[in-house]
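Protein chains in written order, with our numbering: chain Z, 177 to 288; chain Y, 16 to 129.
Even glycine gets a Cβ: it sits at the ideal position worked out from N, Cα and C.
Just so it is clear, the structure is predicted and the values come from calculations on it, not from any experiment.
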Amino acid sequence: DQQVKQNSPSLSVQEGRISILNCDYTNSMFDYFLWYKKYPAEGPTFLISISSIKDKNEDGRFTVFLNKSAKHLSLHIVPSQPGDSAVYFCAARLYNNNDMRFGAGTRLTVKP
Amino acid sequence: AAGVIQSPRHLIKEKRETATLKCYPIPRHDTVYWYQQGPGQDPQFLISFYEKMQSDKGSIPDRFSAQQFSDYHSELNMSSLELGDSALYFCASLDRKTGANVLTFGAGSRLTVL
């Protein structure tokens with residue numbers, strides 16, 4: 177049962193434009209959401225997170241939006257840069273046992 | 016700061032052999048996750064452990080087993096290796112007791128099955 181879903185396996189955008197990566201979840205027990213970024217041959221690294229009590233968190237070019245009623249979150253990258261090309265994973269934490277669930281990832285390609 | 020240590024970094028095995036990968040989490044982290052990333056594929060969750068007990072199970076084959084030891088390090092044992100097991104295996108750790116939210120990943124162990 178995949179509780180965290182990233183329905184777009186890949187996304188391609190032009191440098192300087194906005195990248196929007198989406199994530200949907202089904203479990204109402206998630207209380208914290210995170211985005212990880214992964215380059216080839218490296219382990220994923222933490223990018224940005226948001227608590228379920230908020231609807232937006234911003235860190236430089238990266239903004240995460242949370243829509244609890246729709247059980248949807250998104251990561252916005254503005255402006256996109258070629259160095260942002262990577263696989264992005266959405267993750268969610270279960271509040272009752274702190275276990276983590278990951279989405280399958282979205283491969284972002286930013287073209288110069 | 017200490018990170019997640021995985022060993023070996025590279026491993027070459029023949030078909031039908033056995034391989035063991037090790038993961039040493041960040042000190043005081045009580046939770047370990049294992050992921051498998053095949054060539055050209057995205058990482059797939061295999062299994063996780065919390066306080067030495069299996070916490071969650073993903074797409075781990077029956078030929079694979081894993082455990083977390085008293086010092087919280089974890090080992091992934093793979094038997095009857097197949098060509099399709101060639102992949103990068105990532106381990107990640109988390110201090111679940113503190114309610115920490117961010118997994119820290121190791122650099123991965125690359126297994127090649129010939």
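Query: Answer yes or no: do D71/Y and K112/Y have a C-beta to C-beta separation smaller than 8 Å?; Result: no
Query: Between the stretch 213-239 of chain Z and chain Y, which residues of the former have a C-beta closer than 8 Å to a C-beta of the latter?; Result: K214, A217, E218, G219, P220, T221, F222 and S225
Query: Suppose the cutoff is 6 Å on Cβ atoms and the five residues either side in sequence are ignored; what does the same chain contact list for S63/Y look like?; Result: Y48, S70 and D71
Query: Could you have a look at L187/Z and say whether DSSP puts it in helix, strand or coil?; Result: strand
Query: When the cut-off is 8 Å and only beta carbons count, does R269/Z lie next to chain Y?; Result: yes
Query: For a test of the three-state rule: what should DSSP assign to K232/Z, helix, strand or coil?; Result: strand
Query: Assign R111/Y to one of three DSSP states: helix, strand, or coil.; Result: helix
Query: Considering only the beta carbon of each residue, do I289/Z and V240/Z sit closer than 8 Å?; Result: In the structure displayed, chain Z extends from 177 to 288; residue 289/Z sits before or after that span and is not available.
Query: Does G192/Z get closer than 8 Å to chain Y when you measure Cβ to Cβ?; Result: no
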